[in-house]
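Numbering (mature numbering (1 follows the signal peptide of the UniProt record, and there is no 0)), first residue to last: -22 to -1, 1 to 393.
Worksheet: the structure to be examined is printed underneath.
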């Protein structure tokens, strides 16, 4: 039986058993989704711009509470060095978008989220926090809420929005066999809609000031390999050699970054891909001996990362008033693999949760499939790292704590 067939049967079984509230939640939100957009339900005519036009924390004390408050430790956004954090990407940074979509790619059941602050599934593909959660804490901001989890009011979005969608890719159709997702292009359009809401609420000048001072974080590309190129969808391998395919991906990302720049975005963190060839799923699929990584897959990823880093450097020279940095998750992940004792890890090849060799055959579906202590593992499931790894990556992105990972600057230097 193929992996997709196995997942289909398992998902149908889980959906039948899913609590009615979770199913109704998906139905309630589906009416708001239209080609990747959300229809805005809250009026903004009552929102009054603050008396200080230079204040980055407008609307922070609104009387209208968020319909789905972001679960996070107590934060004071007024003390943050930046107004907001905006996130684009795939399951590496999805914080709940796919909870509202009809897709196999969801993380809204236990044991996902068991080590999160609320000890409940949130839609994050992790046992606990994802990288952008840790960065939000460093920035003094609340955890960034999912775009589709908001009611559309500006006060819900003023400190940031997470547009990321699991199974999304740079190419529009990447990951489509898993069901609905919000592609990169659609996520950028959602951000443009958010910007328009800011302009309507506080005026163009102040909205542009908020946007230009905020951090924008992009983590995407893995599904273009996992669910597109490596599966040879539409015979793509006969159309593109690996380098040509990577150049296609990089060119699309470059244009989207330019689109953001044209909307007054000035501070961008672009993440490279982790070593997919070391993911438990591929160790299982390629019958890895002794946990050796699949080099042909890692070669593809390294080519992509090289192209992305060069593009970011080039774009940084072209857009002289923008700060754009590339952060290499590949090298940092390999450093954790090769120096596991220094980082406190015991298991670097087998996932904490899953089924089959390396726990890479079947995705994490039940608490009984998970290890007792995820902090000793690099991998949480088939493709996603543990909370412990995310914390280390975030520390590197913020201040090069364990190794220099971002070029030409880390996030702390950027702000």
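All C-beta atoms in this analysis are idealised placements derived from N, C-alpha and C, irrespective of residue type, glycine included.
C-beta atoms of residue i and residue j nearer than 9 Å
i, j, result
"residue 58", "residue 157", "no"
"residue 227", "residue 149", "yes"
"residue 252", "residue 308", "yes"
"residue 75", "residue 125", "yes"
"residue 144", "residue 165", "no"
"residue 269", "residue 327", "yes"
"residue 235", "residue 278", "no"
"residue 86", "residue 106", "no"
"residue 207", "residue 220", "yes"
"residue 378", "residue 388", "yes"
"residue 138", "residue 192", "yes"
"residue 321", "residue 314", "yes"
"residue 109", "residue 60", "no"
"residue 79", "residue 160", "yes"
"residue 260", "residue 332", "no"
"residue 127", "residue 77", "yes"
"residue 135", "residue 100", "no"
Chain C within 9 Å of residue i, Cβ atoms only
i, result
"residue 117", "No chain C appears in the structure shown, which is made up of a single protein chain."
Per DSSP, the bridge partner or partners of residue i
i, result
"residue 249", "305"
"residue 140", "65, 124"
"residue 340", "333"
"residue 348", "331"
"residue 195", "65, 247"
"residue 385", "304"
"residue 363", "357"
"residue 81", "157"
"residue 325", "355"
Alpha-carbon to alpha-carbon, residue j and residue i
i, j, result
"residue 45", "residue 73", "Below a pLDDT of 50, predicted positions are generally treated as unreliable, and residue 45, at 35, falls in that range; the measurement from the model is reported next regardless. Approximately 16 Å, taken between the alpha carbons."
"residue 393", "residue 117", "9 Å"
"residue 272", "residue 335", "15 Å"
"residue 390", "residue 376", "5 Å"
"residue 212", "residue 153", "13 Å"
"residue 383", "residue 346", "36 Å"
"residue 163", "residue 66", "10 Å"
"residue 380", "residue 363", "17 Å"
"residue 317", "residue 284", "23 Å"
"residue 342", "residue 349", "11 Å"
"residue 319", "residue 370", "14 Å"
"residue 210", "residue 182", "45 Å"
"residue 296", "residue 229", "15 Å"
"residue 198", "residue 262", "23 Å"
"residue 300", "residue 291", "11 Å"
"residue 155", "residue 222", "24 Å"
"residue 123", "residue 177", "20 Å"
"residue 88", "residue 95", "14 Å"
Beta-carbon separation (whole angstroms), residue i vs residue j, contact threshold 8 Å
i, j, result
"residue 356", "residue 385", "23 Å between Cβ atoms; not a contact."
"residue 302", "residue 248", "7 Å"
"residue 359", "residue 329", "5 Å"
"residue 186", "residue 264", "In fact, because the Cβ distance is near 49 Å, the residues do not count as touching under 8 Å."
"residue 365", "residue 352", "7 Å"
"residue 361", "residue 257", "5 Å"
"residue 246", "residue 194", "5 Å"
"residue 91", "residue 98", "5 Å"
"residue 289", "residue 232", "5 Å"
"residue 184", "residue 132", "With 8 Å as the limit, residue 184 and residue 132 do not qualify as a contact, their Cβ atoms being about 12 Å apart."
Distance cut-off 8 Å: residue i Cβ against heavy atoms of the ligand MN
i, result
"residue 187", "Ligands are entirely absent from the displayed structure, and the ligand MN is therefore not among its contents."
Candidates the options, of which the one nearest residue i by Cα
i, options, result
"residue 196", "64, 325, 220", "64"
"residue 62", "261, 127, 175, 119", "119"
"residue 68", "239, 250, 176", "250"
"residue 304", "161, 287, 261, 142", "287"
"residue 374", "340, 325, 354, 306", "306"
"residue 240", "167, 135, 354", "167"
"residue 142", "266, 201, 179, 225", "201"
"residue 151", "203, 96, 298", "203"
"residue 113", "88, 140, 325", "140"
"residue 244", "298, 267, 280, 218", "298"
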